[in-house]
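>
In UniProt numbering, the protein residues as written are 1 to 99.
#1: Would you check if the distance between the CB atom of residue 41 and the CB atom of residue 34 is smaller than 9 Å?
#2: Could you tell me the distance, in whole angstroms, from the CA atom of residue 11 to the CA atom of residue 80?
#3: Is it buried or exposed, residue 54, if we count other Cβ atoms within 10 angstroms and call 16 or more buried?
#4: Only counting runs of 3 or more residues, tell me where the beta strand (DSSP E) segments fall wholly within the UniProt domain "Peptidase C54 catalytic" (1-81), in order along the chain.
#5: Considering only residues of the same chain and omitting the five flanking positions on each side of residue 44, which have a CB-CB separation below 8 Å?
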């Protein structure tokens, strides 16, 4: 969810909120589709599990924050060429104050 939030902030801005009175923004829907529970979704749980096997981490095993960040980094780098929301791999090194 944190990665999805970064996409939302980058694409729609920090102050953007959903509204029950207005239809959902198309960019918001596109971001949701990136994280869908389907092999067709760019950053699905299926892709995340596949990316972590490169580090010898079996599905169902506990992993720490460092291993999870490495897994996300691998996944984002492998998929960034077709991402409509831009390249987030350059943000992964920031620790405070960037967004």
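Every residue gets a Cβ at the ideal spot worked out from N, C-alpha and C, and that includes glycine.
Per the coordinate set shown:
#1: On the chain shown, position 41 is the one that residue 41 refers to. On the chain shown, position 34 is the one that residue 34 refers to. Yes, these two residues count as a Cβ contact at 9 Å.
#2: Taking the chain shown and counting its residues from 1, one reaches residue 11 at position 11. Taking the chain shown and counting its residues from 1, one reaches residue 80 at position 80. Cα to Cα, the separation comes out at about 15 Å.
#3: For this step, residue 54 is matched to residue 54 along the chain shown. So residue 54 ends up on the exposed side.
#4: DSSP runs (the beta strand (DSSP E)) wholly in the UniProt domain "Peptidase C54 catalytic" (1-81): none.
#5: Along the chain shown, one-based indexing puts residue 44 at 44. Counting only Cβ-Cβ distances below 8 Å, and skipping sequence neighbours, we find 35, 36, 37 and 38.
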